[in-house]
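Q:
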Amino acid sequence: MLFSRRCLLLFCAISIGAVPAAFAQEPTLQNLRIQIEQLAAQAAGISAESNKLLRENKQLTDRIRTAKQDLQQGGDRLLERQLQDDLQASRELSDQIQALDDRIYALTEESVAKQRLLVGMLNDEIERLAGEARAAKDAKTKTRILAEVLKLQEEAETYREQMARESSELLLSLDVSPAQTDGPDEIQQKLAVLQDQQDIIRSKIEELDRQIRETSKALDLRRNMLELLRDIRRGEEDEFDLDRSLDIAELEGEIADAESALEIWRAERESWDAKEKIHGEKAVHLAQELENMLQGK
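What follows is the structure, given as structure tokens:
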């Protein structure tokens with residue numbers, strides 16, 4: 259994802275902040291690698307918990323939508339009470355999901371800071387080893403050192419790519435609401451940030467759509483395979499001489515996993531649709547603020 263230069267400057271100014279106290283202890287490359295892995299594992303665990311709540315909230319949302327339709331057609335009081343309970347439960351789930359998202363944001367922010375430090379240290383180590391390679395007297399030593407340099411360069415590039423992905427997630431959380439002290443330059447800067455946020459959201463929606471399409475096709479294929487296998491098992495003969503060791507339970511497990519993944523992705527898709535709508539409304543509001551300023555209103 260490419261961001262405008264102005265947007266990146268604003269993001270860096272807001273997100274980097276003070277260097278954590280732990281960094282003042284001269285961390286080693288290996289310690290930083292371990293810490294980054296630990297942060298990723300923590301974020302993955304929280305994300306799994308968030309996905310579970312998203313799935314529950316999706317079921318509630320579907321039930322709420324159906325209940326509203328039934329009430330419009332003359333549903334009873336019991337249905338109305340159930341609707342109120344579901345609405346309250348959905349609000350509580352949304353709050354829990356937001357709290358988990360806040361924790362993921364904090365972990366991601368810490369991870370990006372550590373990765374930035376690690377990449378700097380890797381670059382220093384690469385420069386040091388390159389100097390050793392230049393000073394090496396024999397080809398064998400030079401080759402060994404240069405192989406290590408290439409390995410470290412690949413590692414640094416991997417972390418740079420990871421930082422870019424995680425920085426885009428942090429960018430989405432930047433507040434672009436207009437302030438009373440904002441002038442035209444600040445509004446234009448926030449509009450640039452908002453545009454980048456909208457690009458990230460659209461990219462995420464496209465990725466989810468792709469995952470949903472591909473998984474739906476794979477799910478249909480496995481369902482057909484399962485039905486065929488059951489028909490063969492029910493028959494007296496296997497005229498196609500198919501391998502009877504094919505495991506129905508394994509196919510059923512794959513189908514259950516795919517159905518669960520689709521449920522999560524569809525819930526996420528609805529959440530990102532809502533974010534896209536909110537950011538679109540913000541863009542209209544900011545553009546109007548800028549126009550009013552330029553016209554001296």
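Mind the numbering: the sequence shown is residues 259 to 555 in the numbering used here, read in order. Using N, Cα and C, we set each Cβ at its ideal position, and we do this for glycine too. Values in this document were obtained by computation on a predicted structure and should not be read as measured data.
1. Count the other CB atoms within 10 Å of the CB of D251; is the residue buried (16 or more) or exposed (fewer)?
2. Applying the 10 Å Cβ sphere with the 16-neighbour rule, what's the burial state of T366?
3. To which residues of the same chain is L404 closer than 6 Å at the C-beta, ignoring the five residues directly before and after it?
4. Within 10 angstroms of the Cβ of A437, are there 16 or more other Cβ atoms? Answer buried if so, exposed if not.
5. What is the rounded straight-line gap between the Cα of K540 and the Cα of R386?
6. Could you tell me whether the region 290-298 touches the region 331-341, using the rule of 3 or more Cβ pairs below 8 Å?
7. To which residues of the same chain is K400 closer than 7 Å at the C-beta, ignoring the five residues directly before and after it?
8. Taking the Cβ atom as the reference point for each residue, do E526 and L428 lie within a distance shorter than 7 Å?
9. Report buried or exposed for V451, applying the criterion of at least 16 other Cβ atoms within 10 angstroms of its Cβ.
10. When the distance is taken between beta carbons, is L544 closer than 7 Å to L449?
11. Do you know how far the Cα of K398 is from the Cα of L432?
12. Taking only runs of the alpha helix (DSSP H) that begin and end inside the region 529-555, which ones reach a length of at least 4 residues, in chain order?
13. Could you compute how far the alpha carbon of E444 sits from the alpha carbon of M421?
14. Between E549 and the rest of its own chain, which residues show a CB-CB distance below 7 Å, the 5 nearest in sequence each way excluded?
A: To lay it out plainly:
1. Nothing can be reported for residue 251: it is not among the residues displayed for the chain, which extend from 259 to 555.
2. buried
3. A391
4. exposed
5. 49 Å
6. no
7. A391, A394
8. no
9. buried
10. yes
11. 51 Å
12. none
13. 26 Å
14. none
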